[in-house]
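Enquirer: Take a look at the following structure, please.
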Amino acid sequence: MRAKEDAKNAKVQQPIVRPGESSNGYGQAQGSGSDIERPAVPAAKGKENDGVGSGNGEQEMEEISIAGRTKMTVPKKDSSVQGSERVDGKEKENQEMVDHTEAKSELNYILKRAPVIIFSKSYCPFSKKAKTILLEHYAISPKPFVVELDQHPIGPSLQDLLAQNTGRRTVPNVLVNGKSIGGGDDIAALDQSDELASTLRQMGGKWISDVKHLPPPPLPEAAQI
Numbered sequence: 001m002r003a004k005e006d007a008k009n010a011k012v013q014q015p016i017v018r019p020g021e022s023s024n025g026y027g028q029a030q031g032s033g034s035d036i037e038r039p040a041v042p043a044a045k046g047k048e049n050d051g052v053g054s055g056n057g058e059q060e061m062e063e064i065s066i067a068g069r070t071k072m073t074v075p076k077k078d079s080s081v082q083g084s085e086r087v088d089g090k091e092k093e094n095q096e097m098v099d100h101t102e103a104k105s106e107l108n109y110i111l112k113r114a115p116v117i118i119f120s121k122s123y124c125p126f127s128k129k130a131k132t133i134l135l136e137h138y139a140i141s142p143k144p145f146v147v148e149l150d151q152h153p154i155g156p157s158l159q160d161l162l163a164q165n166t167g168r169r170t171v172p173n174v175l176v177n178g179k180s181i182g183g184g185d186d187i188a189a190l191d192q193s194d195e196l197a198s199t200l201r202q203m204g205g206k207w208i209s210d211v212k213h214l215p216p217p218p219l220p221e222a223a224q225i
C-alpha cells in the first residue's frame, strides 16, 4: 500500500498551460510566436504613419544648384505649390504689362501739356534747384509743366518708363519735346554758361515761342544799406 503511494508521488505533474502562456510559465511564447495575440482587425496597408508625401511617409527630396556649382538636397515642392507659384508669376507679369501700358498712356498725355516738362520730387533739393532756375530765372512760353512723381498716382511706373526711354532714372529729369537735357546740375551748368536759353530754343523749335533770361531780382532794402 505504501509502495503504491510512493510511486504515485514520484510522478512529475505536468504543468497546466493557460492560453497565451508557454510551457516555461511566462506570458510570451518563445520560438515561432504562434501563440502571440494579434489584433482582430488587421491594419490597413499604407496607413502605418501619417507622413505627408510618398506612401512610405517620407517627403520626396530633390537636388538644387547653388551659384551654379554646389548642389544641395532639399525637400521637393508639392505640385500644387508649384502650380500656385506659376499662377502668381503669370498674374504679376500681367499686372506689370498693365502698369507699363498705363504709364505710356499717362506719359504721352503729360508730354502734350507743354514742350518743357520737369519731372521732380517735392522733397528733392536737386529738383528744387532745377525748378527755381527754369521757373524763376527764365520766362519760358509756354510755361514748363511740373510733375511731382512722389505725389503722382503711378509715379513709380512713370519713373521706370522714363529710365527706359531716356536712360535717366533720377530726378529731376527735364524733357524738351520728349528728350532729356539732364538733371539739376546739368540745368545749373547750362544756366551759368548762358547756354540754357539757346538750348531750349533749339530743342523746342516752333513749340517754344519765347525764352528770356530774367534779370536778377533787386536786393532787399536791408541788404543795400
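Start counting the sequence shown at 1; every next residue gets the next number (UniProt numbering). The beta-carbon is built from N, C-alpha and C at its ideal position, and this holds for glycine as well. Note that the structure is a prediction, hence the values are computed from the model and not measured.
Just to confirm my understanding: we take residue 226, look at its own chain, exclude 5 residues before and 5 after, and list those with CB closer than 7 angstroms. What are they?
Expert: Given that the chain is displayed from residue 1 to residue 225, the structure contains no residue 226 and the question cannot be resolved.
Enquirer: Is the CB-CB distance between residue 149 and residue 104 below 8 angstroms?
Expert: Not closer than 8 angstroms, so no.
Enquirer: Assign residue 94 to one of two classes, buried (16 or more other C-beta atoms within 10 Å of its C-beta) or exposed (fewer than that).
Expert: Flag for residue 94 reads exposed.
Enquirer: Taking 8 angstroms as the cut-off, decide whether the C-beta atoms of residue 107 and residue 158 are in contact.
Expert: It is a contact, given that the beta carbons lie within the stated cut-off.
Enquirer: Mind pulling the alpha helix (DSSP H) runs of 4 or more residues that sit fully within the UniProt domain "Glutaredoxin" (116-181)?
Expert: Here the runs fully enclosed are 125-136, 155-166.
Enquirer: Work out the CA separation of residue 196 and residue 188 for me, nearest whole Å.
Expert: Each residue's Cα considered, the two are about 9 angstroms apart.
Enquirer: Under a three-way DSSP split, which group does residue 191 fall into?
Expert: Residue 191 falls in the helix class under three-state DSSP.
Enquirer: Does the Cβ of residue 191 have 16 or more other Cβ atoms within 10 Å, making it buried, or fewer, making it exposed?
Expert: By the neighbour-count rule (16 or more Cβ atoms within 10 Å), residue 191 is buried.
Enquirer: Note the first and the last residue of the continuous alpha helix (DSSP H) segment covering residue 200.
Expert: Its alpha helix (DSSP H) spans residues 196-204.
Enquirer: Could you give the distance in angstroms between the alpha-carbon of residue 210 and the alpha-carbon of residue 92?
Expert: Between residue 210 and residue 92, the C-alpha separation is close to 46 angstroms.
Enquirer: Tell me, please, which residues DSSP counts as bridged to residue 213.
Expert: DSSP, once it has assigned bridges, lists 138 as partnering residue 213.
Enquirer: Go ahead and pull the three-state DSSP assignment for residue 184.
Expert: Residue state, collapsed to three classes: helix.
Enquirer: Buried or exposed: where does residue 226 fall if 16 or more other Cβ atoms within 10 Å of its Cβ makes it buried?
Expert: Beyond the ends of the chain as shown, which are 1 and 225, falls residue 226; an answer cannot be given.
Enquirer: Within 10 angstroms of its Cβ, does residue 172 collect 16 or more other Cβ (buried), or is it exposed?
Expert: Classification of residue 172: buried, given that the 10 Å Cβ count is 16 or more.
Enquirer: Let's test the definition: count the other Cβ atoms within 10 Å of the Cβ of residue 162 and tell me whether it reaches 16, buried, or not, exposed.
Expert: Flag for residue 162 reads buried.
Enquirer: Can you find the residues in the same chain that come closer than 8 angstroms, C-beta to C-beta, to residue 131, ignoring five residues on each side of it along the sequence?
Expert: Here the set comprises 118, 120, 146, 172.
Enquirer: Are the CB atoms of residue 137 and residue 200 nearer to each other than 8 angstroms?
Expert: No, Cβ-Cβ distance for residue 137 and residue 200 is not below 8 angstroms.
Enquirer: Restricting to Cα atoms, I'd like to know which of 198, 96, 183 is closest to residue 126.
Expert: That would be 183, whose Cα lies nearest to the Cα of residue 126.
Enquirer: Check whether the Cβ atoms of residue 154 and residue 102 sit closer than 8 angstroms, and answer yes or no.
Expert: For residue 154 and residue 102, yes; Cβs fall inside 8 angstroms.
Enquirer: Check whether the Cβ atoms of residue 180 and residue 170 lie closer than 8 angstroms to each other.
Expert: Contact flag unset, no.
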